[in-house]
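Here the structure comes first, spelled out in structure tokens, and everything after it is commentary.
2 protein chains.
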Amino acid sequence: MKAPAELTAKFRASGLKVTPQRQLLFRLMHENKGHPTAESLFSVASDHMPGISLRTVYQTLTDLSSMGELRLIDVGSGATRFDPNIDDHHHLVCQSCGGVRDVYVSGSGQLDVNELDGFSVDTTTILFHGLCTPCRVTQEVSSTVAEPLVRISKSNTSSKNTTNPKERMS
Amino acid sequence: MKAPAELTAKFRASGLKVTPQRQLLFRLMHENKGHPTAESLFSVASDHMPGISLRTVYQTLTDLSSMGELRLIDVGSGATRFDPNIDDHHHLVCQSCGGVRDVYVSGSGQLDVNELDGFSVDTTTILFHGLCTPCRVTQEVSSTVAEPLVRISKSNTSSKNTTNPKERMS
DNA sequence: CTGCGAATTAGCAACCTGTGAAAACTGTCT
DNA sequence: AGACAGTTTTCACAGGTTGCTAATTCGCAG
Ligand SMILES: [Mn+2]
Ligand SMILES: [Mn+2]
Ligand SMILES: [Zn+2]
Ligand SMILES: [Zn+2]
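Here it is as structure tokens:
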């Protein structure tokens with residue numbers, strides 16, 4: 001995403017006003033290396049500017065995206081994610097923690113598609129679903145240790161073992 | 001998706017009962033060549049069995065999907081779509097009418113991904129966004145005819161020209 | 001055939017994400 | 001400074017999906 005100063009100029013040039021809320025969001029997104037949801041960005045923005053509304057966050061983000069300064073991505077996790085990276089890239093999505101990471105793919109243009117049959121492709125989005133390293137590790141551990149086959153114990157010790165990798169894939 | 005008879009067996013083997021509702025849904029999905037939403041399937045099911053509940057449709061579809069007989073796909077159009085085709089395939093999504101069509105892609109395994117960096121890929125989903133033939137045609141037409149550059153006319157003839165291709169891509 | 005436990009239904013409530021609308025507010029231009 | 005158009009905020013609400021409960025039905029193992 002462009003720097004706040006450039007966005008400011010671009011907004012004004014488009015007849016859009018540059019408000020403190022927008023400036024804040026310009027900055028937060030510009031500095032952002034991840035793929036925040038509106039809600040998570042709202043939460044961060046609220047720390048800097050209490051009182052800002054979620055509606056404004058949505059508004060500004062969709063403005064930015066329709067100006068091509070931002071990409072909207074949907075990894076199927078419910079909420080739309082906003083991507084400050086507008087390079088041609090794709091995403092890794094961890095099935096365990098939900099983390100999303102950028103990935104650059106070569107050869108996506110040479111995909112052999114059958115029965116295109118008149119359909120004209122505009123953009124291609126690729127999602128790689130799998131496990132990020134932290135999640136894969138904890139999974140391996142818990143699978144080697146796994147299930148003590150129910151030894152003694154009177155009341156099945158409620159297995160609240162939903163391992164929480166707390167990784168940073170945002 | 002497997003045939004109703006096989007699903008019946010599989011359900012019973014899993015200790016699930018085979019009710020008329022489930023049988024109907026087995027059949028409707030088995031015969032389905034598209035990518036229905038829960039709601040649209042509910043609507044069809046209701047014709048055959050008035051009184052069936054949307055809740056049951058959701059229930060059965062998620063049962064089927066967790067048994068691997070069905071795939072859940074999210075093309076970003078709001079509602080989850082249920083795909084009876086569990087072959088390894090991908091989708092064309094029309095940006096104009098929202099239609100979804102199957103497409104078989106070769107070479108998706110040989111995509112060169114940079115910085116995989118420990119992430120282990122399980123499945124890859126590819127969405128080709130673009131225009132289906134009917135939509136492309138009406139779009140071309142309306143763009144060659146398009147915008148008479150405002151000639152005379154007193155009141156800009158309200159361009160209610162949102163062309164409705166009514167195609168069958170479901 | 002019977003009985004038990006599962007499944008369905010109806011009628012909600014709740015959740016999440018996102019949008020529409022109205023009223024109050026404020027950036028920007030002159 | 002003043003006017004006006006664009007913005008923010010708030011609140012309501014829609015769409016999709018799941019959760020819950022109670023009452024009833026029903027599949028199916030024995
Ligand atoms: Mn990205
Ligand atoms: Mn499909
Ligand atoms: Zn992970
Ligand atoms: Zn179309």
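If you read the sequences in order, they're chains A and B. If you read the first sequence in the numbering used here, its first letter stands for residue 1, the second for the next number, and so on. If you read the second sequence in the numbering used here, its first letter stands for residue 1, the second for the next number, and so on. The C-beta atom is built at its ideal place from N, Cα and C for all residues, glycine as well.
Discussion item. Any C-beta of chain B within less than 9 Å: which residues of the segment 94-118 of chain A qualify?
Written reply: Cys94, Gln95, Arg101, Asp102, Val103, Tyr104, Val105, Ser106, Gly107, Ser108, Gln110, Leu111, Asp112, Val113, Asn114, Glu115, Leu116, Asp117, Gly118
Worksheet entry | Test item: CB-CB of Phe42 of chain B and Val93 of chain B under 8 Å | no
Worksheet item: In whole angstroms, what is the alpha-carbon distance linking Ile73 of chain B and Val75 of chain A?
Response: 11 Å
Discussion item. Quick check on this structure: which residue in A:Thr124, A:Asp47, A:Pro36, A:Val121 has the alpha carbon closest to the alpha carbon of Leu61 of chain A?
Written reply: A:Pro36
Worksheet item: For the segment 70-81 of chain A, which residues have a CB atom closer than 7 Å to at least one CB atom of chain B, in sequence order?
Response: Asp74, Gly76
Practice prompt. Spatial neighbours of Lys2 of chain A within its chain, please: CB distance less than 8 Å, with the 5 preceding and 5 following residues excluded, ordered by chain position.
Written response: Lys10, His30, Glu69
Worksheet item: Does Leu183 of chain B come within less than 8 Å of chain A when only Cβ atoms are used?
Response: No answer is possible for residue 183 of chain B: the residues shown for chain B start at 1 and end at 170.
Worksheet item: Quick one: which chain A residues come within Cβ less than 8 Å of Gly130 of chain B?
Response: Phe119, Ser120, Val121, Asp122, Thr123
Practice prompt. Step through the CB atoms of chain A and report whether any lies within less than 8 Å of the CB of Ile86 of chain B.
Written response: no
Practice prompt. Taking C-beta pairs closer than 8 Å, name the residues in chain B that Thr133 of chain A reaches, listed in chain order.
Written response: Asp117, Gly118, Phe119
Fill in: chain A residues whose Cβ lies nearer than 9 Å to that of Arg136 of chain B
Gly118, Phe119, Ser120
Worksheet item: Per the contact definition of three or more C-beta pairs closer than 8 Å, is the segment 113-120 of chain A in contact with the segment 110-118 of chain B?
Response: no
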